[in-house]
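For what it's worth, the working numbering labels the leading residue of the sequence shown as 83, then goes sequentially.
Just so you know, even glycine gets a beta-carbon here, dropped at the ideal spot from N, CA and C.
Structure first, then comments.
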Amino acid sequence: MTITYADKIPNNVDLGSDKVLQRALEHWQPEFLEWWMEMGPEGSQTDDVYLRTAISVHPSGWAHFDYVKMPDYRWGIFLAPGDGERKINFGDHRGEPAWQDVPGEHRANLRRIIVTQGDTEPASVEQQRHLGLTCPSLYDLRNLFQVNVEEGRHLWAMVYLLHRYFGRDGREEAEALLQRRSGDRDNPRILSAFNEKTPDWLAFFMFTYFTDRDGKFQLLALAESGFDPLARTTRFMLMEEAHHMYVGESGIARVIQRTCEVMAQHKTDDPARLRALGVIDLPTLQRYLNFHFSVTIDLFGADVSSNAATFYSSGLKGRYEETKFADDHLLRDAVYPVLQIVDGRLASCEAPALNALNEKLRDDYIRDTVSGVGRWNRIIQKAGIPFELTVPHKAFNRRIGPLAGLKIAPDGRVISESEWASNEREWLATDEDRAFVASLMGRVAVTGAYANWISPPTHAINKRPANFEFVRFN
Ligand code: BYC
């Protein structure tokens, strides 16, 4: 089905044929816009931004570029096409036709998954709302806004499911999604990483590289869901998500590129000298990386989780690339390694695979993450600099699950409180690091100009040159 842009809410779900649902969503729409104006990008709502908007879910139409004022962006409801033949591929209902409606016995769990997913989307917009004021270029500003409007659309995607399939409590959950606030003491966002601050652009690039990648893996697990509307919704969200991770990976690559240039030019690796020259030294990058990686891997939940087992057995949330496994897709007798402390060291122990599904998804995520860090290292190697960025051990700096609160070094050694205390400043971004990075964050908003601490992109978006007018101010 094509997307109808004549409708108040663009969609490819034939919204017009269900007047009650349409009215309910049209009632939510102004509340969403109110939230956007209050919590969305600060000070930029009237600018014309060169944005991508989906005009169809097909490869030719989902990336249509034009100038748009953000509050006029057409947030819509788009599901990837379904064939009506899909089967449930795992768990106790394996082999049955995928559900087109919510199975009564799994309603509460399904709603909880959708609400948790939905909650992260507005949270990230709230976390990033001040960044437009300190953009390093118009190209980066455009990328930030692209990410923001699409996170808004991902909220719409979850709200559609809540309204369409969960009746009154779904509508109440949709309201609550606009009421929680990132970092709010009384009414915070659900998951911990979404209550952290994203205070500067280095944090933004790390967030889009690491935390949006959690989005990728969670969405891939939900794209396997036996609840077909969720699977189809998340499949389309994944197409948009890819760009967000690209913004992170290429953003950090450009920071590294610039630092390496200045290191070579001035023949120095002294962080203080490099800071004085206005670029971000590599040890600071490593400390930011350690923070964002460890906070993000907490998002996969506890290593051993009965919730995860229930979500899988009941067919709600599968594994990454579920259909590629040659096992029974039930996992009742399988085991999976998780970490425990044995005799003062981390040791791998077997847990029931069904209960260890959070850990398995975390491991899949880590493998994907490491490859991008390798690409960053190639830039450093190419510049002839003997420095390597590393991903810390997965037990480092954890706050969720049985490893929470343990003192583990980035190399995986169990250490004492005092060793932790004397090294923490080497391992995690300090207040001084953040203050230094903040000091670089002046707004560069002239067409074709880039802040000193970041290289221009080698290729910008939609084959436009780096000096394209990505944002027009009004
Ligand atoms: N922070 O049994 P457990 C994205 C709670 S990102 C706070 O291990 P479970 C995006 C947990 O809720 C992708 N609390 O939990 C990225 C539970 O609470 P109750 C988001 C946490 O259920 C960038 C208790 O601890 N999508 O899209 O197996 C920008 C016991 O834990 C945390 C999803 O997450 C935490 N980190 O696993 C924009 C997919 N972790 O029951 C967007 C949907 C756990 O005691 N969510 N808890 O009250 C899920 O599948 C699961 O909820 C989780 C948690 C994997 C997150």
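Compute the distance between the beta-carbons of L485 and F299, then report whether it is under 8 angstroms.
Between L485 and F299, the gap from beta carbon to beta carbon reaches 8 angstroms or more.
Would you identify the three-state DSSP class for K169, choosing helix, strand or coil?
DSSP places K169 in the strand class (E or B) of the three-state scheme.
Between which residues of its own chain and T378 is the CB-CB distance below 7 angstroms, once the five residues before and five after are set aside?
In its chain, beyond the 5 residues on either side, A275, F292, T293 and D296 have a beta carbon closer than 7 angstroms to the beta carbon of T378.
With respect to the alpha helix (DSSP H) encompassing R134, which residues constitute its N-terminal and C-terminal limits?
Run containing R134: none in the alpha helix (DSSP H); it sits in the beta strand (DSSP E), D130 to T135.
Closest to R369 by CA distance: which of H348, L133, F478 and M119 is it?
For R369, the nearest C-alpha among the options comes from F478.
Touching by the beta-carbon criterion (3+ pairs, under 8 angstroms), the segment 299-311 and the segment 399-416
Contact holds: three or more Cβ-Cβ distances are below 8 angstroms.
Does the distance between the C-beta of N230 and the nearest non-hydrogen atom of the ligand BYC fall short of 7 angstroms?
When distances are taken from the beta-carbon of N230 to the heavy atoms of the ligand BYC, even the shortest one reaches 7 angstroms or more.
Quick check: does the Cβ of A477 come within less than 7 angstroms of any heavy atom belonging to the ligand BYC?
No, the Cβ of A477 stays beyond 7 angstroms of every heavy atom of the ligand BYC.
What distance in whole Å lies between the Cβ atoms of N230 and I159, which are believed to be in contact at a cut-off of 8 angstroms?
That pair is no contact at about 18 angstroms.
Can you tell me the Cβ-Cβ gap for R134 and H146, rounded? I've got them flagged as a contact below 8 angstroms.
Going by Cβ atoms, the distance from R134 to H146 rounds to 7 angstroms, so yes, they are a contact pair.
Mind checking which residues open and close the alpha helix (DSSP H) that includes F248?
F248 -> alpha helix (DSSP H) spans L220 to Q261.
Which two residues bound the contiguous alpha helix (DSSP H) that contains P92?
From DSSP, P92 is part of no alpha helix (DSSP H); its letter is neither H nor E.
Count the CB pairs spanning the segment 429-444 and the segment 401-416 that are closer than 8 angstroms, and state whether there are at least three.
Result yes; three or more Cβ-Cβ pairs closer than 8 angstroms.
Determine the extent of the beta strand (DSSP E) in which A433 is found, giving its start and end residues.
Start and end: R427 to P434.
Backbone secondary structure at L421 - three-state DSSP
In the structure shown, L421 sits in a strand (DSSP, three-state: E or B).
Within a Cβ cutoff of 6 angstroms, which residues of the same chain sit near D174, ignoring the five residues on either side of it in sequence?
Closer than 6 angstroms at Cβ, skipping near neighbours: S395.
Check: F286 C-beta below 7 angstroms from any heavy atom of the ligand BYC:
Checking every heavy atom of the ligand BYC against the Cβ of F286, none is found closer than 7 angstroms.
By the three-class DSSP mapping on this structure, what secondary structure does H146 have?
It is a strand residue.
For the segment 461-472 against the segment 338-355, do three or more pairs of beta-carbon atoms, one drawn from each stretch, fall closer than 8 angstroms, so that the two count as touching?
Touching, yes, given that three or more Cβ pairs across the two stretches are closer than 8 angstroms.
Note down the Cα distance separating E257 from P539, rounded to an integer number of angstroms.
Put simply, the backbone Cα of E257 is about 39 angstroms away from that of P539.
Let me know the secondary structure DSSP gives E458 once reduced to three states.
The question names Glu, but residue 458 in the sequence shown is Trp. Secondary structure of W458 (DSSP, three-state): helix.
Return the CA-CA distance between V526 and D222, expressed in angstroms with no decimal places.
Straight-line measurement puts the Cα of D222 at about 10 angstroms from the Cα of V526.
One question on the structure: do G330 and F287 come within less than 8 angstroms of each other, judged by their Cβ atoms?
Result yes, Cβ atoms of G330 and F287 sit closer than 8 angstroms.
What are the start and end residues of the alpha helix (DSSP H) that includes L103?
For L103, the enclosing alpha helix (DSSP H) begins and ends at K101 to M121.
Run the proximity test for L371: is its beta-carbon closer than 7 angstroms to any non-hydrogen atom belonging to the ligand SAM?
This structure does not include the ligand SAM; its bound ligands are the ligand BYC.
Compute the minimum distance between the beta carbon of E233 and the heavy atoms of the ligand BYC, and state whether it is under 7 angstroms.
The closest heavy atom of the ligand BYC lies less than 7 angstroms from the beta carbon of E233.
When the Cα atoms are used, what is the spatial distance from E278 to L381?
Taking the straight line from one Cα to the other gives about 12 angstroms.
Can we count T198 as close to the ligand BYC, meaning its CB is less than 7 angstroms from some heavy atom?
In this structure, T198 has its CB closer than 7 angstroms to one or more heavy atoms of the ligand BYC.
Straight-line CA distance for L364 to S219?
Going from the Cα of L364 to the Cα of S219 covers about 22 angstroms.
Element boundaries [alpha helix (DSSP H), containing L302]
For L302, the enclosing alpha helix (DSSP H) has its first and last residue at D294 to L304.
Run through the DSSP bridge pairs and tell me what P179 is partnered with.
DSSP lists K169 as partners of P179.
How is R554 classed by DSSP in three states: helix, strand or coil?
Three-state DSSP puts R554 in a strand.
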